[in-house]
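Position 69 (the sequence shown) corresponds to 87 in the working numbering; numbering is contiguous.
Don't be surprised by glycine CBs; every beta carbon is placed ideally from N, CA and C.
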Amino acid sequence: MIHIYYGDGKGKTTAAIGLASRAAGSRMKVLFVQFLKTEFSGERHTLSHTENITLSFVPIDLKFTFQMDEAEKAKAASLFRKVFNESVTKVFTEKFDMIVLDEIFSAIETEMISEHDVYEFISNAPKNLEIVMTGHHPPTRLMQLSDYITEMKKIKHPYDKGIPARFGIEF
């Protein structure tokens, strides 16, 4: 089945990690793929030490896309397309029960990943594969393919008061 956690509220990645942890604890093999994040996202340490979870490559350092110039965006897009393509290949050549595409909607929105490529992957994925996607604005046609859709709606957040993201909490 296909799961979507989206919206402007906190908890999208957290929900995906919880589901991946549950699956891994049930002896399911999970491929956890992250876009637009770095090696310093706090969840990576725990996930990398969790049996049955395989993490994708992420860069050590990465600016926010709105801070990137065109050359940096092109380089990041090339990197994340490679990560996506390698992850798709792994799903078809190795026996995974679940793939998490964390921040895939933001990667699509910032043109790092093609919506068409994601749609084609989902449409042709192995039938026994659980697919989990997160991000801010899911494309309509990906929502139409989904079985679970959960919107995380921000009501109140410290960022609104000028408090920046905190290590261990927001990243």
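For residue i and residue j, what's the separation of their Cα atoms in angstroms?
i, j, result
"Leu-80", "Tyr-166", "31 Å"
"Ala-33", "Ser-39", "10 Å"
"Ser-96", "Phe-139", "18 Å"
"Pro-156", "Tyr-24", "7 Å"
"Leu-71", "Phe-53", "The residue asked about is misnamed: residue 71 is Ile in this sequence, not Leu. Using only the alpha carbons, I get a separation of about 17 Å."
"Asp-115", "Glu-148", "6 Å"
"Lys-30", "Lys-174", "16 Å"
"Lys-28", "Met-170", "7 Å"
"Met-86", "Leu-37", "32 Å"
"Lys-47", "Lys-113", "7 Å"
"Arg-62", "Ala-143", "25 Å"
"Phe-110", "Arg-184", "37 Å"
For residue i, name the three-state secondary structure that DSSP assigns.
i, result
"Met-151", "strand"
"Ile-78", "coil"
"Gly-29", "coil"
"Met-19", "coil"
"Ile-122", "helix"
"Ile-173", "coil"
"Met-161", "helix"
"Phe-185", "coil"
Which residues in the same chain as residue i place their Cβ atom closer than 6 Å to its Cβ, once the five residues preceding and following it in sequence are excluded?
i, result
"Lys-55", "Val-76"
Are the beta-carbon atoms of residue i and residue j separated by less than 8 Å?
i, j, result
"Pro-117", "Ser-105", "The residue you asked about is not Pro; residue 117 is Ile in the sequence shown. It is a contact, given that the beta carbons lie within the stated cut-off."
"Thr-128", "Thr-68", "no"
"Met-130", "Ile-22", "no"
"Ile-20", "Leu-119", "no"
"Ile-35", "Leu-73", "no"
When burial is assigned at 16 or more other CB atoms within 10 Å of the CB, is residue i buried or exposed?
i, result
"Phe-50", "buried"
"Asp-178", "exposed"
"Ile-187", "exposed"
"Gly-60", "exposed"
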